[in-house]
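This report concerns only the one structure given below.
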């Protein structure tokens with residue numbers, strides 16, 4: 007072992023550079039997910055709060071800035087950070103545009119600022135500071151070489167007697183001192199070693215109210231296939247309930263081979279329309295419209311009419327193909343052929359899905375031609391004015407594909423939003439959001455008790471909320487929630503209220519507003535599901551909750567606190583059947599309290615806490631409140647209130663709290 | 007906007023490659039600190055458990071391996087990971103050598119394994135699988151092209167009828183199936199995108215018992231400066247208490263300019279030896295020995311004698327210089343000169359340290375020559391056989407310097423251990439450990455109540471324990487803990503017991519075993535501190551706790567559970583003055599229960615819980631126990647036990663639990 011043999015200087019990354027980069031430590035940066043590998047999500051107009059531990063050796067004063075830029079900008083913008091406590095610093099920057107932003111942090115030692123602080127302490131202790139004043143002048147001269155801003159100060163200081171109190175006074179003058187600090191070279195400048203990504207989406211990614219319907223059921227006649235024009239006639243109905251997104255399951259030609267019959271039977275009867283998810287037939291595939299619905303011309307008219315009704319059209323992107331899909335002949339290399347020359351049906355052994363086959367993303371000939379084709383399908387519909395895509399079962403397709411495709415589409419259409427329809431294990435749910443999906447389905451339909459709802463909403467509002475945006479659907483064509491099958495109307499009111507006030511985005515599948523819940527016995531499936539047949543509905547069915555849905559969406563529109571999902575505050579309510587929570591805007595100007603009776607069969611009472619403390623009010627204060635469902639106003643006296651919620655009369659309460667002007 | 011203009015394929019990092027790399031997701035890897043920027047620490051002989059979320063789209067079976075290697079090895083070694091639950095996988099690898107290890111993870115889709123699983127399900131559901139068998143044979147043929155291992159299987163399968171049950175049986179044979187899976191190409195192989203670092207230290211980094219003394223006080227005569235030979239005479243005394251590290255404050259020549267007098271007075275009297283921290287005089291600097299202590303020859307003899315007494319010498323590395331340090335003349339460019347040509351004393355305004363000046367690490371001429379010189383000081387003492395360095399105030403020197411220097415020294419001496427003597431804000435304490443210090447001083451002396459001790463030990467044992475190894479010193483020349491100033495002997499017994507049984511590494515500064523606690527009134531400082539004068543001690547002072555210290559170190563040596571700090575389990579004890587905890591080895595074979603009366607003045611009783619559950623025993627089980635301080639054996643009946651601890655008679659209990667053989 008050659009102990010003292012001369013060695014070349016071995017720098018360690020950025021940590022041992024002559025300029026002292028790395029001397030100021032920047033770590034524990036927030037928001038940073040997965041060590042910076044996962045972008046965080048915001049909506050346009052929001053501020054991104056940035057936190058970091060920033061410190062250095064010794065006692066020198068340090069300063070720090072957030073550096074940020076939109077991805078397509080060349081130069082960093084800068085925003086100062088400020089010390090909070092315990093070496094923790096905080097800054098912020100706005101995301102104004104739709105697209106990606108990058109940010110990082112710089113910090114440095116403020117040598118002049120440190121000099122000011124030291125000389126003030128010495129002066130206060132009565133020490134002689136003549137030599138210190140000379141040091142200060144030296145720092146001023148050095149800084150003045152970099153800018154003309156300091157010329158006047160330099161001139162005045164130069165004229166005063168060297169080392170005099172007069173000179174010291176000029177240097178310590180707050181305006182002068184700040185000017186010198188700002189102009190001086192940034193000593194031991196450190197840059198955080200990662201550039202972190204923020205995706206800035208439009209508000210609909212976080213706040214939107216979805217209504218799902220099967221266009222083919224819009225004729226109001228089970229014997230006649232509905233058309234886009236029938237949908238246009240239904241727009242006022244949907245608009246009246248206050249929705250802003252109108253979503254259709256696939257609208258493409260439906261295959262004939264192995265077509266499914268009613269209630270998912272293996273054999274279709276004559277006239278059965280088949281599952282809309284068996285995409286592709288002679289008439290075309292994902293880039294075509296089922297002829298019975300209409301033409302592209304009709305579709306464009308529908309998009310336009312929807313817009314006039316305040317509704318944005320969302321389409322389904324379901325990658326599987328029926329055995330009749332044109333791609334199978336045109337691109338056999340995209341599919342997984344068996345040794346016997348047949349195609350492998352989709353299956354989850356021993357279950358088989360005989361009416362669809364899956365593409366194979368990594369088949370020899372499929373990469374990247376298949377990827378292009380799928381992306382181009384989305385781009386085609388985007389060109390037709392569609393900017394929201396609900397993606398069917400994304401967890402059964404490769405994540406690298408989604409990451410690539412969503413990025414590709416967003417580069418052309420930053421306003422395109424992809425909703426991941428995955429109901430699978432938690433880590434896959436999260437991974438889909440991490441690699442790019444702007445919005446995600448959730449476990450909401452299976453979260454029914456107070457404990458479940460509290461835990462789940464709390465989880466979503468935590469670190470997960472940085473990248474995962476929930477859409478609380480109360481039902482879907484695949485999910486006829488078991489509790490609603492026996493709850494009656496009260497359950498529908500409670501569940502819609504929960505969804506609409508716990509999550510920024512929520513949705514329902516048509517029929518819910520009519521309290522439809524007839525199941526295939528023992529299953530979570532709807533009986534006579536529209537997935538396999540054309541239905542006609544009585545849109546004015548007695549007991550429908552259309553007015554309640556309309557009220558929910560109105561209240562959401564009028565109260566910004568309900569347009570997010572992370573600002574949740576669960577309230578003490580001493581009854582496990584009563585769930586109470588507040589939603590607050592960061593400035594506390596808007597506060598909505600929601601109280602829900604989770605028991606659809608019995609009247610429940612509870613004492614509960616009104617969050618007076620959030621407004622700095624004592625427990626015995628009074629506060630004005632407005633009942634947002636019935637528009638009455640009243641005064642609440644004290645923190646603890648008692649409510650009684652009857653499933654028939656009043657299963658939920660939604661109050662706006664109006665704190666006294668400060 | 008050119009919607010459908012042809013675009014080049016834009017890959018996204020590793021995520022969209024034709025081989026499907028990235029298709030299997032590997033994330034949330036543990037241990038990974040600061041997104042992989044901070045190495046984790048282990049000791050030689052340990053296993054590193056590696057955890058990760060690993061999953062992919064669809065239902066395919068996946069497999070995963072930990073890849074690991076010592077830094078100086080070229081090829082990765084591999085260790086299989088296994089599925090635990092909820093997409094979480096676990097693996098492990100050993101760190102055998104002293105030095106750095108790297109690890110990462112690979113995972114892939116096991117296509118043949120997936121085929122086996124599917125075909126078994128289909129067979130069980132009574133489906134015809136002729137085509138599947140052909141697929142399986144195809145996979146076998148493909149795998150067999152890569153290895154001769156499969157030749158025999160291939161031969162047998164080839165002779166059986168195509169698509170027959172016989173062929174299927176051969177393919178599903180567990181040994182054959184495993185061989186095919188193992189040999190087949192790893193489909194969609196993903197590699198985690200970071201290589202994470204593990205520092206493998208020798209055991210002393212985690213488990214050591216330190217005794218600190220001032221060699222100059224070892225003459226037992228305040229009028230005579232002690233020598234290394236005097237220290238040699240004291241080795242049996244230290245050895246008898248069971249310590250294994252003997253640490254000295256600086257042993258270098260002491261400056262004369264502005265020498266401090268007794269009790270830190272500004273003016274030294276004739277004969278005052280000065281502060282050992284005012285390093286450097288005519289006789290030399292950091293690379294020299296204070297002449298009154300002895301010569302290098304004497305030092306070598308001491309190192310050798312210490313080793314013979316089971317003691318390793320630890321030296322102090324304190325970078326500051328007295329105004330007489332030779333470097334000041336030889337290397338003026340390493341120091342911060344004031345405009346008036348004087349040197350800036352060390353200060354923390356308005357406090358001044360007139361007997362020392364600091365080097366300036368980034369002064370024009372100091373980088374890197376000063377850095378080399380400081381490193382070479384450490385290398386010099388390492389060459390003299392010293393492998394443990396207690397570093398004085400590292401938080402007032404640049405962290406990039408420490409990171410570089412420790413790495414440099416460890417490249418030559420992987421067994422060198424640096425202990426950070428920082429008592430500062432929590433994030434700096436942690437940062438020093440993150441950038442390389444193998445061991446750290448702690449807040450232990452200021453953690454006295456049950457709540458404080460529980461919270462602090464729990465914090466250390468958490469994520470922090472991955473990189474921060476505590477050394478619980480009960481006192482230091484700078485810290486005469488306030489509670490001990492009035493606690494009497496019981497407090498010394500309690501605090502040494504806590505330190506020795508809560509932390510793998512612990513230490514005391516001589517005098518503690520004599521219950522010395524005379525303060526400068528109102529301060530945490532010792533009166534007549536050895537920092538500024540030569541003291542003589544009565545090593546047999548009545549009431550000394552030498553036997554208790556010896557017992558603690560013996561118990562630590564005999565019980566591996568006490569040689570770590572992360573295996574802590576606090577026990578319910580229904581009295582805030584009684585702290586009870588268990589320490590367990592991972593295999594549960596060694597379990598020590600410690601019960602401490604934190605009240606040095608009053609007898610305290612408590613009911614407490616013995617952790618029967620850790621051995622799978624019911625609450626009413628009995629368990630054998632051994633009193634390790636008094637070597638009695640007895641049987642505990644049931645989970646809840648009651649103890650009474652009297653400060654005079656018995657302030658602490660240390661029991662070993664001996665569970666029944668399984």
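Protein chains in written order, with this note's numbering: chain A, 7 to 668; chain B, 7 to 668. Using N, Cα and C, we set each Cβ at its ideal position, and we do this for glycine too. What you are looking at is a predicted structure, and each value in this text was computed from that prediction instead of being measured.
Assumed close pair residue i, residue j - CB separation to whole angstroms, cut-off 8 Å
{"i": "residue 597 of chain A", "j": "residue 567 of chain A", "result": "6 Å"}
{"i": "residue 682 of chain A", "j": "residue 541 of chain A", "result": "Outside the shown range of chain A, which is 7 to 668, sits residue 682 of chain A, and nothing can be said about it."}
{"i": "residue 251 of chain B", "j": "residue 318 of chain B", "result": "5 Å"}
{"i": "residue 618 of chain B", "j": "residue 649 of chain B", "result": "With 8 Å as the limit, residue 618 of chain B and residue 649 of chain B do not qualify as a contact, their Cβ atoms being about 16 Å apart."}
{"i": "residue 299 of chain B", "j": "residue 222 of chain B", "result": "7 Å"}
{"i": "residue 455 of chain B", "j": "residue 604 of chain B", "result": "7 Å"}
{"i": "residue 60 of chain A", "j": "residue 113 of chain A", "result": "5 Å"}
{"i": "residue 480 of chain B", "j": "residue 500 of chain B", "result": "Actually they are not in contact, since the Cβ atoms of residue 480 of chain B and residue 500 of chain B sit about 10 Å apart, beyond 8 Å."}
{"i": "residue 339 of chain A", "j": "residue 351 of chain A", "result": "Actually they are not in contact, since the Cβ atoms of residue 339 of chain A and residue 351 of chain A sit about 19 Å apart, beyond 8 Å."}
Limits of the unbroken alpha helix (DSSP H) element including residue i
{"i": "residue 3 of chain B", "result": "Residue 3 of chain B lies beyond the residue range present for chain B, which begins at 7 and ends at 668; the question has no answer from this structure."}
{"i": "residue 389 of chain B", "result": "375-389"}
{"i": "residue 611 of chain A", "result": "Here residue 611 of chain A belongs to no alpha helix (DSSP H); instead the beta strand (DSSP E) covers 610-615."}
{"i": "residue 648 of chain B", "result": "Residue 648 of chain B -> not in any alpha helix (DSSP H); beta strand (DSSP E) instead, spanning 646-651."}
{"i": "residue 493 of chain A", "result": "490-493"}
{"i": "residue 243 of chain B", "result": "234-246"}
{"i": "residue 172 of chain B", "result": "171-178"}
{"i": "residue 163 of chain B", "result": "157-165"}
{"i": "residue 553 of chain A", "result": "552-564"}
{"i": "residue 433 of chain A", "result": "432-440"}
Enclosing beta strand (DSSP E) for residue i [first to last residue]
{"i": "residue 136 of chain B", "result": "Where residue 136 of chain B is concerned, there is no enclosing beta strand (DSSP E), although the alpha helix (DSSP H) it sits in stretches over 136-150."}
{"i": "residue 472 of chain A", "result": "That residue, residue 472 of chain A, is in no beta strand (DSSP E); it is neither H nor E in DSSP."}
{"i": "residue 95 of chain A", "result": "94-100"}
{"i": "residue 109 of chain A", "result": "105-115"}
{"i": "residue 47 of chain A", "result": "46-49"}
{"i": "residue 86 of chain A", "result": "83-86"}
{"i": "residue 192 of chain A", "result": "Note, residue 192 of chain A: premise wrong, no beta strand (DSSP E); not H, not E."}
{"i": "residue 35 of chain A", "result": "31-36"}
Contact test: residue i Cβ vs the ligand SAM heavy atom, cutoff 7 Å
{"i": "residue 354 of chain B", "result": "The ligand SAM is absent from the structure shown, which contains no ligands of any kind."}
| query | Given a limit of 7 Å on CB to CB distance, which residues of the region 365-378 of chain B reach chain A? | reply | 368, 373, 374
| request: Could you run through the region 83-112 of chain B and flag, in chain order, every residue whose CB is less than 7 Å away from some CB of chain A? | output: 92, 93
| query | Can you find at least 3 beta carbon pairs, one from the region 298-313 of chain A and one from the region 575-582 of chain A, that sit closer than 8 Å? | reply | no
| Which ranges would you report for the alpha helix (DSSP H) in the region 287-362 of chain A if only whole runs of at least 4 residues count? | 302-314, 332-336
| field | Within 8 Å of chain A by C-beta, residues of the region 324-352 of chain B in sequence order | value | 344, 345, 346, 348
| Any chance the region 139-154 of chain B sits against the region 116-131 of chain B, with 3 or more Cβ pairs inside 8 Å? | yes
| field | beta strand (DSSP E) segments (min. 3 residues) lying fully within the region 503-540 of chain A | value | 511-515
| Three CB pairs or more closer than 8 Å across the region 441-454 of chain A and the region 412-430 of chain A | yes
| query | Looking at chain B, which residues of the region 58-71 of chain A have a Cβ within less than 7 Å of any of its Cβ atoms? | reply | 59, 61, 63, 64, 65
| Three CB pairs or more closer than 8 Å across the region 172-192 of chain B and the region 271-283 of chain B | no
| task | May I ask you to list, following chain order, the residues of the region 37-53 of chain B that have a beta carbon less than 8 Å from some beta carbon of chain A? | result | 38, 40, 41, 42, 43
| request: With 8 Å as the C-beta to C-beta threshold (strictly closer), list the residues of the region 145-162 of chain B near chain A in chain order. | output: none
| said: Along the region 244-269 of chain B, where does the CB come closer than 7 Å to a CB of chain A? Name the residues. | reply: none
| field | Meets three-Cβ-pair contact criterion under 8 Å: the region 402-415 of chain B and the region 231-245 of chain B | value | no
| task | Pull out every residue of the region 434-447 of chain A whose Cβ sits closer than 7 Å to any Cβ of chain B, in chain order. | result | 434, 437
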